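Accompanying notes for the structure given below.
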Amino acid sequence: MSDLQQGMDCPWFSSYDKGVPHDIVIPEGGLQNILDTAAETYGQREAIVFQNTHISYRELKELAEKLAASLRRRGVRPGDRVSIMLPNLPQTFIAFWGVMKAGAVAVMTNPLYMESELTHQIKDSGAKHLITLDIFWPKIAALREQLELDVCYVTRVRDALKFPLSWLQPFSARRQGTWVPVPFDGKEVVAWKDLFKTTERLSVEVTDAHETIALLQYTGGTTGLSKGAMLTHANLLANLTQLMAIIQQPPEKEHVFLALLPLFHVFGLTITLLLPARMAARVVPMPRYVPADMLEAFKKYQFTAFIGAPSVYISLLQQKNLAQYDLHHIIFCISGSAPMPVEWLKKFEEVTGTPITEGFGLTEASPVTHANPVFGKQKPGSIGVPVPGTLARIVDTEDGERVLAHNEIGELVIKGPQVMKGYWNRPEETARTIRDGWLYTGDIAYMDEEGYFYIVDRKKDLIIVGGYNVYPREIDEVLHTHPKIREAVTVGVNHRSRGETVKAYIVPEEGANLTVPEVVAFCRQKLASFKVPRLIEFREELPKTMVGKVLRRILREEELHKSDTEQDKEQLVPEETSKEEVSAPEAGIGEKEAKTQGEPEKTDGNA
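Here UniProt numbering is used: position 130 in the sequence shown is 130, and no number is missing along the way.
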């Protein structure tokens, strides 16, 4: 990268693990070359294991190429968008690689989208072909005219199984009431299994990986109407090369991944579909998270790579029978999608002997941009250092240009080969988000002297209380240290009697007798008085995305829709002032720096 060659100040280089390069070389060709290499070099290795089904890399390549040929025969051409609306099943892997082999663009679609979200994404992307699971067919059928789809390809869980499970599964589905009749006609509604009744195979060569879009990944889940991030073959190959550089695993090592993160999410796709293929690793997809099932899977498959959201790690550590399972076979762990409370990081390492590597990413960057050293110095609370070939700096939040010094708080901006081509059909938003090659993340952060970065908060989450800047994440971290609190999140609400106010939503530990005065007293011991929540609400659960990130937006919207009478019923915590507090706002960014125009839609938070 030219900036690196020109010697830009990169203090993080000295923090890299031994052997990690400063820059990377992006492989030539398209993403499908990864699958080809795995099939040619390690063809007999298992690529996917699902219940009684075992698919080798050689078989996966053949299935992908047969699917590509069938898609071509039904009208899919290079550059066409194909929506993949599936949970974590073997079909998801085959579908993605089949779309790549066809030279088309994958549009990973959340199966749990509401009708309005689904309609927006499919129509905005222009997808005319959709691959989905039978249980989602009623939703698709109700929207077919609006969606303007040419062909729907429908699979069933039984398609992922071998005999006798494939024979037994329909009976089980009927007994459970989950069997869905689908009107297959072979033209507009095509059975998945019929796509492989061919001897034809197709693999379209990618001639310009830097310009050819591989993935149209829609942002969203935390804010507003979603936008499609155009991720090219080169973007995704760059991120895989960066990840390979930091994990430093020899190719002959046979790794086993658990695919628990949703594959329709960019974090899950890159880390548990693309990365394992690059490593010729075995993947065990898990369609839904059941703690007991996951522990049994750990015992059966001896996972060497574990990637999950903080909520999964925390839930795992809370299992009463955890001590019965040996988790020391894990070689590396990655936590993403949200910050991991420090106390849980420590607990996991105590139990497994393996530290959790925290990092950072966003859809617009394929997604990983930062990570703590996998084997070296990890700093709890930090997102780590920029991955090889990536530049990062902190700029003034008002002008977006002045580069700030170490430990000064501003906006995190990123430049690297993994940064998206732009937003689909949104040139103005692209221009606001990417300026002179720098991706403006919308995150408030700082960098220390060793080049480690710390996320303070999202610009749009900043709370301004009486002129003071309050960062919700700081309060969240304090609340998470309370022994009776399982989960907590803080937002700024507009209270009619006192303006912007800090409100905490708390999920107590099971069976815990937790009171508002107890929470307030705890916070007052650890926070300046203007940061102490003035409103506290106990809940059984918090609204979250599919990858475990708390939806602050939903909580704020709930507050906006409250009537004055409802607000008046909430009791404000009495204010307490401290002699140590100054009368002017804290040093740092001010109110006008809380502008959010031009911020990218983030789906990953930490990654």
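Built from N, CA and C at the ideal position, the CB exists for glycine as well. Since this is a predicted model, take the numbers as computed values, not measurements.
Status (buried if at least 16 other CB within 10 Å, exposed otherwise) for E599: Any reading at E599 must be qualified, since the residue scores a pLDDT of 45, below 50, and its modelled position is unreliable; the value itself is stated next. Buried: at least 16 other Cβ atoms inside 10 Å.
Under 7 Å between C-beta atoms of I24 and G384: Going by C-beta atoms, I24 is not nearer than 7 Å to G384.
Whole beta strand (DSSP E) elements within the segment 424-464, 3-residue minimum: Qualifying beta strand (DSSP E) stretches, in chain order: 438-447 and 453-458.
Own chain, CB closer than 7 Å to R72, minus 5 neighbours either side, in chain order: Cβ within range, chain order: A102 and L202.
Identity of the residue in S83, D150, T132 and Q91 nearest H120 by Cα: The residue among S83, D150, T132 and Q91 with its C-alpha nearest the C-alpha of H120 is S83.
With 16 other Cβ atoms within 10 Å as the buried cut-off, status of W97: Using a 10 angstroms sphere on the CB of W97, the tally of other CB atoms reaches 16 or more, which defines it as buried.
Whole-angstrom distance between V387 and V20, CA atom to CA atom: The alpha-carbon atoms of V20 and V387 are separated by roughly 9 Å.
Simplified DSSP state of F375, which is helix, strand or coil: F375 falls in the coil class under three-state DSSP.
Contiguous beta strand (DSSP E) assignments of at least 3 residues, all confined to the segment 73-121: Fully enclosed beta strand (DSSP E) runs of 3 or longer: 81-85 and 105-108.
Entirely enclosed alpha helix (DSSP H) segments - the segment 487-542, minimum 4 residues: Listed in chain order, they are 516-526.
Straight-line gap, E591 to N469 (C-alpha atoms, nearest Å): Model confidence at E591 stands at a pLDDT of 30, short of 50, so the residue's coordinates are unreliable and nothing is read from them.
Buried/exposed call for S563, threshold 16 Cβ in 10 Å: Classification for S563: exposed.
Reduced DSSP category for M8 - H, G, I as helix; E, B as strand; rest coil: If DSSP states are grouped into helix, strand and coil, M8 belongs with coil.
Whole-angstrom distance between K66 and A173, CA atom to CA atom: The alpha-carbon atoms of A173 and K66 are separated by roughly 28 Å.
Closest Cα partner of K320 within the set R45, V547, V550 and A292: Closest option to K320, judged by alpha-carbon separation, among R45, V547, V550 and A292: A292.
Terminal residues of the beta strand (DSSP E) in which T155 lies: Where T155 is concerned, the enclosing beta strand (DSSP E) stretches over V151 to T155.
Member of N110, Y16 and P276 whose CA lies at the smallest distance from the CA of L216: In this structure, N110 is the residue among N110, Y16 and P276 with its C-alpha nearest to the C-alpha of L216.
Short Cβ contact (7 Å threshold) for P417 with I26: Taking C-beta atoms as the reference points, P417 and I26 count as a pair closer than 7 Å.
DSSP beta-bridge partners of H129: Bridge partners of H129: V82 and V151.
Coil, strand or helix - I330 by DSSP: Residue state, collapsed to three classes: coil.
Straight-line Cα distance separating N372 from A445: Spanning the two alpha carbons is a distance of roughly 16 Å.
Rounded C-alpha distance that separates S226 from R288: The alpha-carbon atoms of S226 and R288 are separated by roughly 24 Å.
Reduced DSSP secondary structure (H/G/I, E/B, other) of R473: In the three-state reduction of the DSSP assignment, R473 falls in the helix class, which pools H, G and I.
Reduced DSSP secondary structure (H/G/I, E/B, other) of Q318: Looking at Q318 - three-state DSSP - the assignment turns out to be coil, as it is neither helix nor strand.
Test item: CB-CB of Y440 and T433 under 7 Å: A Cβ-Cβ contact shorter than 7 Å links Y440 with T433.
Proximity of M230 and G422 at Cβ, strictly below 7 Å: Their beta carbons are under 7 Å apart, which means M230 touches G422 by this criterion.
Cutoff 6 Å; reference L35; Cβ partners in own chain excluding five residues on either side: The beta carbon of L35 is closer than 6 Å to those of K61, W97 and A277 in its chain, skipping five residues each way along the sequence.
Reduced DSSP category for P310 - H, G, I as helix; E, B as strand; rest coil: DSSP places P310 in helix when its eight states are reduced to three.
Between the CA atoms of Q169 and D568 - distance to the nearest angstrom: In a straight line, the C-alpha of D568 is about 54 Å away from that of Q169.
For H22, the first and last residue of its enclosing alpha helix (DSSP H): If you look at H22, you'll find it isn't in any alpha helix (DSSP H); DSSP assigns it neither H nor E.
Separation of T272 from F50, as counted between CA atoms: Rounded to whole angstroms, the gap between the alpha carbons of F50 and T272 is 14 Å.
Boundaries (first-last residue) of the beta strand (DSSP E) holding P285: If you look at P285, you'll find it in the beta strand (DSSP E) that goes R282 to P285.
Segment limits, beta strand (DSSP E) that includes residue 627: Not covered by the structure: residue 627. The range shown for the chain is 1 to 607.
Beta-ladder partner(s) of Y218, from DSSP: Looking at the DSSP output, Y218 bridges to G228.
The segment 394-409 in contact with the segment 292-301 per 3-pair CB rule at 8 Å: Here the segment 394-409 does not lie against the segment 292-301, with fewer than 3 beta-carbon pairs under 8 Å apart.
Boundaries (first-last residue) of the beta strand (DSSP E) holding I26: In the DSSP annotation of this structure, I26 is not part of any beta strand (DSSP E), being labelled neither H nor E.
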